[in-house]
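Counting with the UniProt record's numbering, you get residues 1 to 273 for the letters of the sequence shown. Below you'll find the structure, written out as structure tokens, and then a few comments.
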Amino acid sequence: MENDISDIELTETVKHAKVIAIANQKGGVGKTTTALTLGEALTRLNKKVLVIDLDPHANASVHLSFFPETVTMTAHNLFFDDANYKTIWLQIVQKRATVGFDFVPACIRLSELENDLKDRKNKGMVLSNALSGITDQYDYVLIDCPPHVGVLLVNAIVASDLVLIPIQTDFLALYGIRLLFDTIKVLNKVLPSPVKFKALPTMYDGRAGACRKILNLIRRKLQDRVFSTVVHMDTKFREACASGKVIYAIDEKSRGALEYMQLAREIIRNEDA
């Protein structure tokens, strides 16, 4: 990871959209659900949103029925040396009738970038440079990050205004975020301003004493770096995934849908403050 960071040369870029990297180095904490549901919630609040799947597992892409065998242009195309960003964005940004946001699918070849970019100068700034040509078209850009340290995660964090960390309210998930905090700590040594991050408690079950204990611990440790919104367990998320939709298309009044709408309003409110 240090090699991904050490050769970053910072350049001034004009950014209009708020870029949010949704990251956690433990899988199964609601990262992809957050990217897709928050993206849709923001569009329902009249925001123009782009969601980028930067995870080689392509869970967000498959969720929206962008299957690897049917997609030829993906986020991977942004990382070539001779990338013409203006042309590539026109080719990789996709739309689905079931959601209001624009979407960039992923592919398994993203996993090859660790090796492909090993000798490339400034490899931690590729995504940031690419986004500079499109952020004037959106209010928010959400990045679904891979669940491991590497060049993709570094690119996402460097390009972001905020790192949103979904944390499942159990002990193992809490332990897993230490790795992400270590990555942010290293990046802060070379970036001109500290990486901003905020945690989102997910998969919460208020009936379980352990969940309540972990939520209290998260709030005590991170203080104002925790969203006031808490996302509870909701079976509607699974129903939405099985049907290739987001929860608003299944039940917009469900608990999960209302909580992500609350999160979207909280993000907008914090930006305006």
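Every residue gets a Cβ at the ideal spot worked out from N, C-alpha and C, and that includes glycine. Because the structure is a prediction, the values reported are computed rather than measured.
Output needed for A257: all residues of its chain with C-beta closer than 6 Å, excluding positions within five of it in sequence on either side, in chain order.
Stepping through the sequence shown from its first residue, residue 257 is reached at position 257. Closer than 6 Å at Cβ, skipping near neighbours: I247 and Y248.
T11 to L42 span [Cα, whole Å]
Within the sequence shown, the letter at position 11 stands for residue 11. Within the sequence shown, the letter at position 42 stands for residue 42. Because T11 carries a pLDDT of 48, less than 50, the predicted location of this residue cannot be relied on, and the following value inherits that uncertainty. Their backbone Cα atoms lie some 29 Å apart in a straight line.
On the DSSP bridge list, what partners appear for I165?
Taking the sequence shown and counting its residues from 1, one reaches residue 165 at position 165. According to DSSP, which records beta bridges pairwise, I165 is partnered with A199.
Give, in chain order, every unbroken run of the alpha helix (DSSP H) that is at least 4 residues long and sits entirely within the stretch 18–64.
31–44 and 59–63
For I108, is the classification buried or exposed, using 16 other Cβ atoms within 10 angstroms of its Cβ as the cut-off for buried?
As a first step, residue 108 must be located in the sequence shown, where it is residue number 108. Exposed.
To the nearest angstrom, how far is it from the Cα of R96 to the Cα of G244?
Here residue 96 refers to the residue found at position 96 of the sequence shown. Here residue 244 refers to the residue found at position 244 of the sequence shown. Cα to Cα, R96 sits roughly 10 Å from G244.
V230 - DSSP class collapsed to helix/strand/coil
The count along the sequence shown starts at 1 and reaches residue 230 at position 230. Coil.
Which same chain residues, not among the five before or five after D182, have their C-beta less than 6 Å away from its C-beta?
Residue 182 sits at position 182 when you count from the first residue of the sequence shown. Result list for D182: empty, nothing under 6 Å.
Residue nearest to P68 in terms of C-alpha spacing, selected from D161, L110, P146 and L142
Within the sequence shown, the letter at position 68 stands for residue 68. Cα-wise, what sits closest to P68 is L110.
Put Y138 into one of helix, strand or coil per three-state DSSP.
Counted from its first residue, the sequence shown places residue 138 at position 138. Y138 falls in the coil class under three-state DSSP.
Residues of its chain near A240, where Cβ-Cβ distance is below 7 Å and the 5 sequence neighbours each way are ignored:
Sequence index remark: in the sequence shown, residue 240 carries index 240 (1-based). So the list reads V246, I247, A249 and I250, once near-sequence residues are dropped.
Quick one, which of G209, S254 and M261 has its alpha-carbon nearest S228's?
For the purposes of this step, residue 228 is taken as the residue at position 228 of the sequence shown. Answer by Cα proximity: M261.
How many whole angstroms separate the CB atoms of L54 and L152, which I take to be in contact at a CB cut-off of 8 Å?
Locating residue 54 in the sequence shown gives position 54, counting from the first residue. Locating residue 152 in the sequence shown gives position 152, counting from the first residue. Right, the Cβ-Cβ distance comes to about 5 Å (below 8 Å), so this counts as a contact.
Whole angstroms are fine: how far does the CA of P194 sit from the CA of E252?
As a working note, residue 252 is residue 252 in the sequence shown. As a working note, residue 194 is residue 194 in the sequence shown. If you take the alpha carbons of E252 and P194, they lie about 36 Å apart.
What span of residues does the alpha helix (DSSP H) with V126 cover, start to end?
Against the sequence shown, residue 126 aligns to sequence position 126. Its alpha helix (DSSP H) spans residues V126 to L131.
Nearest-angstrom Cα separation, counted from Y140 out to K18:
The residue you call residue 18 lines up with position 18 of the sequence shown. The residue you call residue 140 lines up with position 140 of the sequence shown. Rounded to whole angstroms, K18 to Y140 spans 5 Å at the Cα level.
Using DSSP with H/G/I as helix, E/B as strand and the rest coil, what is D205?
Counted from its first residue, the sequence shown places residue 205 at position 205. Residue state, collapsed to three classes: coil.
Anticipated Cβ contact below 8 Å, P166 with V29, distance rounded
For the purposes of this step, residue 166 is taken as the residue at position 166 of the sequence shown. For the purposes of this step, residue 29 is taken as the residue at position 29 of the sequence shown. About 5 Å; that satisfies the 8 Å criterion.
Does the stretch 132–149 come into contact with the stretch 21–36, if we say contact requires no fewer than three beta-carbon pairs (one atom in each stretch) closer than 8 Å?
yes
Can the beta-carbon of L164 be found less than 8 Å from the beta-carbon of L200?
Residue 164 sits at position 164 when you count from the first residue of the sequence shown. Residue 200 sits at position 200 when you count from the first residue of the sequence shown. Against a cut-off of 8 Å, the Cβ pair of L200 and L164 comes out as a contact.
Classify N270: buried if its beta carbon has 16 or more other beta carbons within 10 angstroms, exposed otherwise.
Taking the first residue of the sequence shown as position 1, residue 270 is located at position 270. So N270 counts as exposed.
Considering Cα atoms alone, identify which of G124, V51 and L131 is closest to F103.
Walking along the sequence shown from the start, residue 103 turns up at place 103. That would be V51, whose Cα lies nearest to the Cα of F103.
Could you tell me the boundaries of the beta strand (DSSP E) in which F67 lies?
Here residue 67 refers to the residue found at position 67 of the sequence shown. Per DSSP, F67 belongs to no beta strand (DSSP E) and is neither H nor E.
Figure out for me which residue from E40, L90 and L172 has the closest Cα to the Cα of N24.
Here residue 24 corresponds to residue number 24 of the sequence shown, with the count starting at 1. Here the closest residue by C-alpha is L172.
Report yes if the CB atom of V230 is closer than 8 Å to the CB atom of Y204, and no otherwise.
Residue mapping note: residue 230 aligns to position 230 of the sequence shown, counting from 1. Residue mapping note: residue 204 aligns to position 204 of the sequence shown, counting from 1. Yes; because the gap between Cβ atoms is below 8 Å, this pair is in contact.
Option nearest H76 by Cα separation, candidates R44, E112 and A264
Along the sequence shown, one-based indexing puts residue 76 at 76. Of R44, E112 and A264, the residue nearest in Cα terms is E112.
Can you find the residues in the same chain that come closer than 7 Å, C-beta to C-beta, to I214, ignoring five residues on each side of it along the sequence?
For the purposes of this step, residue 214 is identified with residue 214 of the sequence shown, where counting begins at 1. T169, D170, F171 and L174.
Through-space distance from R178 to G209, alpha-carbon basis:
Working through the sequence shown from its first residue, we reach residue 209 at position 209. Working through the sequence shown from its first residue, we reach residue 178 at position 178. Rounded to the nearest angstrom, the two C-alpha atoms are 23 Å apart.
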